[in-house]
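See below for the structure under consideration.
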Amino acid sequence: MKYINLDLKKIPDYGITLIEASAGTGKTFTIIILYLRLILNIGIKKTYSRPLLISEILIVTFTEASKNELKNRLYKKICQLYDMCINKKNEIHELKKIINDVKDFKKTIQLLKTAKKNINLIMIYTLHGFFFHILNEQKFLCKQMIPDKILLNIQKLQLESTKDFWRKYVCDVNKNVTKLILKKWPNPYKLFNHINTWINQLNISFKHKFNKKTNLCIIFNNIIEIINVTKKIWNEKKKKIKNLIFKMNLNKKIYNKKNLAKWFLQINQWSQKIKNNYSVPGILKYFKFSNIKNIKLFKNDKKYIFFKNIEKIFKNYNLFFEYFVYTAVKKITKIVQNKKKETNRLEFNDLNKILWKEIKSKNSIIKKNIINKYTISIIDECQDIDDIQFNIFYTLYNNIPNKSLILFGDPKQSIYSFRGSNIFSYLKFKKKIKKHFILKKNFRSSKYIVAGINTLFSRIKNPFVFNKIDFQPSTIHQKNKKTCFIIDNIKQPAFNFVFQHKKVMTTDEYYCWIAKKCAYSIYTWLSKKSNKSCFIKLNNNKIRHITHNDITILVKNKYEAQIIKKELKKNGLQSIYTSHKNNIFHTVEAKEIMWILDSIIDLSNTLKFQKLLVTRIFKKNIFDIQLINNQEKIYTSLFLKLKNYYVIWNTTNITNMIYKIITDFSIQVNNTYSQKNKINIKKITKICEILEKKNQIITNKFLLTVWFKKKILQNNIEHNKIIDISEKEEKTINIVTIYKAKGLEYPITWIPFFSNFKIPKNNIFFCKKKLKKIIDLKNNKKNLFIHKQELLSEDLRLLYVALTRSIIHCNIGIAAIQKKKTININNNIDTDCHKSSLGFLIQKGKKYSLCDLKKELYSLQNNKIFNIKHIKNKNKKYFKIQSIKTKKILQPKLLKKIINPWTKISFSKIISYNIIYKKNYIQEKIKENKLLLQNKKNKSSKLNIHNFPSGKEYGIYLHDILKKIEFNKINNIKKIINKLNFLSLSKVWINKLFIWICNILTKSIDNKNLSLNKIKKNEHLKEVKFTIPIKKYIDINQLNIIIKNFDSLSQKCKNINLENISGVLTGIIDLIFIWENKYYIIDYKSNWLGSNYDDYNINNLQIEIIKHRYDIQYQIYSLAIHRYLSKKIKNYNYNLHFGGVFYLFIRALNKKNNNGIFFIKPSYLLIYHLDNLLNGKFYDT
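The numbers in full-length UniProt numbering rise by one with no breaks, and the one at position 725 of the sequence shown is 725.
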């Protein structure tokens, strides 16, 4: 197809015109210039003989944001052009060509003046907004009633319809049929999640249709019948079938003697079950006829009836669920339609259908009215419109004299398939349009960014899979030739490929690896910025330091954003996910303001009054509330204050009242242990603004609070959306979804996750013959291949959008990914990289190994365009964001000073508090890390327990294994180790771990042959949580004295530094068990003390316990079990019933030695005095 470059001086002729605008080619600017030429009649005179009125030009966009942006930019250009015409100056380069074409300045000034005045009458709509406006305008001519409001959240109605379907077609049928459905979908919510994508698709049908006579009961009876026949055959011809299987040339790895013996036993048990039982063992799939024999000659042989019947069972099972899904989709869509008719509610897609019905007839009056009103219509982002929407505009403007339809679009940027847009419908209507223009000049990106994108998408003949989606290389704008990104006086290339060159990865490994690399590279840029060695130069030719706002990370979804956010936080960088939608009425601030307003209106209500006091603005705890209730003076003073606030509300407004409360009860002071108690002033002001606007409509204060409560309870987030308030802070890095980034530009971008790809779940494909989407429930291979191609094409378009966002520099993460569970270490074996959009372009759509991928990638390397990079995370000082100094305006005026704030405290909190405030803590930590590194270097290359990785994650993993396993059942241990393997450990390590865990279980931990495998199942508890209430508070000085007086290990330790504690003491004990009528505690420790078993001797264990203050831990645990047993056992005696505490340092547990075991039983006097201290009694020395 031939494309003509669009000349902005020329207005397209009458009829329908398509203008394809690649990313960054100034599509919005072109629409504005075209609009100005139309209202001023500047261009080729053959087209329009007069200036068009604002009301005659219709502009249709896709989103509300783009509509508002276009309106603002258009108004700005009208004003600029008006000033230029009055002053007769060519100041603005963009408008010079229009000024040069102006012949009559007086007329032009008058036209621009009227345009400025009537700017609110400008005809710019969203697509659905325009349809709704037309139908309301022409409602007396419409055959169907048009409601005043449109249904925004259709999913809610669909879910209700799914529940109705569930009640009628699942609950009210045969019990056995219901049971079978419940196995697949336990509730209507699960079913809705499964079919949701199909219900939302427009113009969709099924590949395979069912007879009208079929129903679930008939299919279910067929299943039962075949199962009964199959059981009978097995019982009668068991030996013959077994012999037949042994004689067959089957895969011995699968069909070995062990497996076959197990499977035959399961089939025997199954065949003995009661008749009419629909359950089928999973192992029967190995005896399907298709798996046993593939040769057609055997199909009629009676020997294979058993296998054929098994094939039929599975086919009928699939048929049962296929038919259920088929009926569900059909019936639910009908229920939704009926509900909409009953309540006279419409969704946006219904507007399309109604308008299409009204205008498709030849004598349609509505059609004539629209054509008469709008001389020219301009549609932006036309690649995202569906068939019905295109047909509406096509029928309106096709072969209509003196009327024009101009479509702006780019098939390469069609990425909203989840909203119902379809690239094939665009390609279909593209054929009908004869006039085609193109915008090629890229005004956004630098010279080398444009060259890099052209290179990448020109590597393959069909870069977007389908040959009808053309890629036209963009040209460079002269102003962008000097833009650059400089680090250490070196100009950086346009694209950096951060490449994992060492190994093939799983998806999880890739996500973890690239997130770390991304966060570290941004950290280095910003730290170099602080060293004044990182600069950027944009179109204004000014060189400046890089800032946080210059960097944007582009992701596909919320999950990817969360991974990046965590890694940035580890590097000391703040970030904001700008695509996150949040309802301001669902914030804590909204609830608390509602409680305050509710209480101030009704001061006599004590419950409301207590709610007000508990809010984070008033900051009153339980003790304060009790004090207020008991003392009249305090109560009356507070009551008078609240009355005064009511007067402020009456005389001024809500904002002044809330600010007065904030100044009286300052919100800057926070509790000792919690930072969550901070209130966001910006959110409060936003809520106050909303309430003030509503108060002008609802003047009654009580009714205003009722409205406010309703808004808080509403689940709909379509209105009053806010983004996380940290968005407005200067030093935050933006994380944006590519879908939201479309149409925007950023100086520097990071694209981390494009080596991953989607695996098709719902088999929906576009049929080119029927020209509509089709569901294939049978997952035919051909249709699955088409669906995969569609997914890849969409991912390539998404990649194109992502790459074209950057102005001067872009970092891309790339790795060879294998989706299989087991990854081959050999780098010469083909990977799944070609299935991803990025891999598809680099590997030219071919299967390659990691080695071949390296070659292809390095063939692209160019100093100015592409660079292949391997970022190494070095030891670093974290880049700290400097806090902005603010003036303290608010002064705290509390009724009572909180001396010992109520809190939850645990052993880990006590220790972490003491470690953080320890002198030279950082220096000690660095020394420890150096020693660990030296020891790791000295370790033998052989894998053993001593060189098993240390760290928090590995400790959690070992604890999880010991929590999940049964001590007596060794056979299941390996399965559990594999199941919990979130660290992706190799098979070698799994085998080592299995032996290690077995050693731990069989190791004798005392002199009486006590071992974990001897503890009975009903005589132990794992992960026991406890909560000990603290009466009044714990005096820390008293605690230090008690533990030092009665524990020899505590005497060697330094005092605990902590504020006095009130609240509760919590914790989790790894294991409590009974042995010889005594209760014992076990705590597992995965600490690394050295590379030999001898390093875990009793002296070293005591040093480790003192170092980490485990003495406090076993004292708290002993107190917890002491309190529990005193209530459980009659005539309880601490010395008789409590055995003591074992600390098992599991790295040392081996049958050959007795190292790694530390046992202690704290003295009764220690526990007694600790118990008294927590009960509020003073310890007398």
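Using N, Cα and C, we set each Cβ at its ideal position, and we do this for glycine too.
Looking only at C-alpha atoms, which of T475, K143 and D83 sits nearest to G452?
-> T475
Give the range of the beta strand (DSSP E) segment to which K1022 is assigned.
-> H1020 to I1034
Sort K481, N222, T652 and P1162 by Cα distance to S1048 and report the nearest one.
-> P1162
Of the residues F665, I654 and I584, the one placed nearest V614, counting alpha carbons only | F665
Since T327 and K360 are thought to touch, with beta carbons under 8 Å apart, how far apart are those beta carbons, to the nearest angstrom?
-> That pair is no contact at about 31 Å.
Where the alpha helix (DSSP H) containing K686 begins and where it ends | I681 to I697
Where the beta strand (DSSP E) containing F29 begins and where it ends = From DSSP, F29 is part of no beta strand (DSSP E) but of the alpha helix (DSSP H) over K27 to L40.
Take every Cβ of the region 372-380, pair it with every Cβ of the region 57-75, and state whether three or more of those distances are shorter than 8 Å.
-> yes
Count the other C-beta atoms from every protein chain shown that fall within 10 angstroms of the C-beta of H809, then say buried if there are 16 or more, exposed otherwise.
-> buried
Cβ shell of I109 (< 6 Å), same chain only, five flanking positions each side left out = C85
Considering only residues of the region 580-667, which uninterrupted alpha helix (DSSP H) runs meet the minimum length of 4 residues and lie entirely inside it, listed in chain order?
-> 588-601, 606-614, 622-630, 632-651 and 654-664
Under the three-state reduction of DSSP, which class applies to S883: helix, strand or coil?
-> For S883, the predicted structure reports a pLDDT of 41, less than 50, and the residue's modelled location is therefore unreliable. A value from the coordinates is still provided. Three-state DSSP puts S883 in coil, outside helix and strand.
Which whole-angstrom value describes the C-beta separation of I662 and I593, a residue pair presumed to lie in contact below a C-beta threshold of 8 Å?
-> In fact, because the Cβ distance is near 11 Å, the residues do not count as touching under 8 Å.
If you draw a straight line from the alpha carbon of H846 to that of Q389, how long is it in whole angstroms?
-> Reading off the sequence, residue 846 comes out as Lys, not His. If I take the Cα positions, the gap works out to 38 Å.
K368 versus W356 - alpha carbon distance | 14 Å
Apart from the five residues on each side of it in sequence, which residues of its chain come closer than 6 Å, Cβ to Cβ, to N193?
-> none
Measure the CB-CB distance between H1137 and N1077 and report whether it falls below 9 Å.
-> yes
L284, enclosing beta strand (DSSP E) - first and last residue = No beta strand (DSSP E) holds L284; DSSP gives it neither H nor E.
Are there 16 or more other CB atoms within 10 angstroms of the CB of N851, so buried, or fewer, so exposed?
-> The sequence shown places Cys at residue 851, rather than the Asn named in the question. It counts as exposed.
Run through DSSP, which three-state label would H1169 get?
-> helix
Does the region 303-310 come within contact of the region 215-235, defined as at least 3 CB pairs closer than 8 Å?
-> yes
Going by DSSP, what residues sit across from S1050 in a beta bridge?
-> According to DSSP, S1050 bridges with nothing at all.
Local conformation of H477 per DSSP, three classes = coil
Give the secondary structure of L151 by DSSP, where H, G and I count as helix, E and B as strand, and everything else as coil.
-> coil
Classify residue 1209 as helix, strand or coil using the three-state DSSP reduction.
-> With the chain covering 1 to 1181 only, the question about residue 1209 has no answer from this structure.
Determine the direct distance from the alpha carbon of I219 to that of N277, and round the result to whole angstroms.
-> 14 Å
Please list, in chain order, all residues of the same chain as G282 whose beta carbon is under 6 Å from its beta carbon, the five residues on each side excluded.
-> none
Extent of the continuous alpha helix (DSSP H) to which V801 belongs | K781 to L803
Reduced DSSP secondary structure (H/G/I, E/B, other) of R345 | coil
Is the Cβ-Cβ distance between K482 and F443 less than 9 Å?
-> no
Reducing DSSP to helix, strand and coil, say where S55 ends up.
-> helix
I134 versus S55: straight-line alpha-carbon distance, rounded = 14 Å
What number of angstroms, rounded off, separates the C-alpha of K1016 from the C-alpha of K964?
-> 15 Å
Got a sec, what are the start and stop residues for the alpha helix (DSSP H) G839 sits in?
-> S837 to I842
Under three-state DSSP, which class holds T483?
-> coil
Measure the Cβ-Cβ separation of T1066 and I1034 and say whether it is below 9 Å.
-> no
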